[in-house]
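Right, one structure below, let's go through it.
Shown next, in the form of structure tokens:
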């Protein structure tokens, strides 16, 4: 339930062919920067390059106070709002919202993703039309600095990564003020209650109310 093909429709991102090489989405994190540097120069005349290794579609709306650090790609009809901080290694798809005081680092945002208010998203992949409620964040490093393990009940999957935030499947809704702990994987079409502290695997089509209370959505 936590492979790339379980979580995502790969037709909704420029990274589709790249992601298809892997079994688990976190395996793709290490190569995001190189992917952007490969894709960027080939994007064509519909994109402008306002800074080195930065490509912005001509229909995107970027506030003058936003910071775009390379390498990054900002897709068509995407809005990057006042005070957004894109640190780099960010592939942002079409029709996305990167809101005020939002920070992105080493991420893939599929088309239609919304991170509109005070979000931190690092070392993460957000699927098609997923949404981070105001103040919800990914926590990408464990407090004891050990390597992240994905936990699904009694099953534990070592990732070999020190930095790994969250993988959100398509159309996931994360409630306001929630923290997605390192190694969180949320299946497509699931909802997370506001003010949740989430860890491990949340099945597709679920409602996460609190730790130990996850119910089927339908």
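Residue numbers (our numbering): 105 to 322. Note that the Cβ used here is the ideal one computed from N, Cα and C, for glycine as well.
Check	Outcome
Between residue 174 and residue 313, what straight-line distance do the alpha-carbon atoms span, to the nearest angstrom?	38 Å
DSSP on residue 312, reduced to helix/strand/coil?	strand
Report the option in 122, 318, 204 and 137 whose CA atom is closest to the CA atom of residue 210.	137
Bridge partners for residue 301 per DSSP, in chain order?	283
Here's the rule I'm using: 16 or more other beta-carbon atoms within 10 Å means buried, otherwise exposed. How should residue 125 be labelled?	exposed
Please specify which runs of the beta strand (DSSP E), each continuous and at least 3 residues long, are wholly inside the region 178-208, giving them in chain order.	189-196 and 201-204
Rounded to the nearest angstrom, what separates residue 170 and residue 195 at their Cα positions?	16 Å
Can you tell me the Cα-Cα spacing of residue 207 and residue 192, whole angstroms?	10 Å
Kindly indicate which three-state DSSP category residue 240 falls into: helix, strand or coil?	coil
What would DSSP say about residue 320, mapped onto helix, strand or coil?	strand
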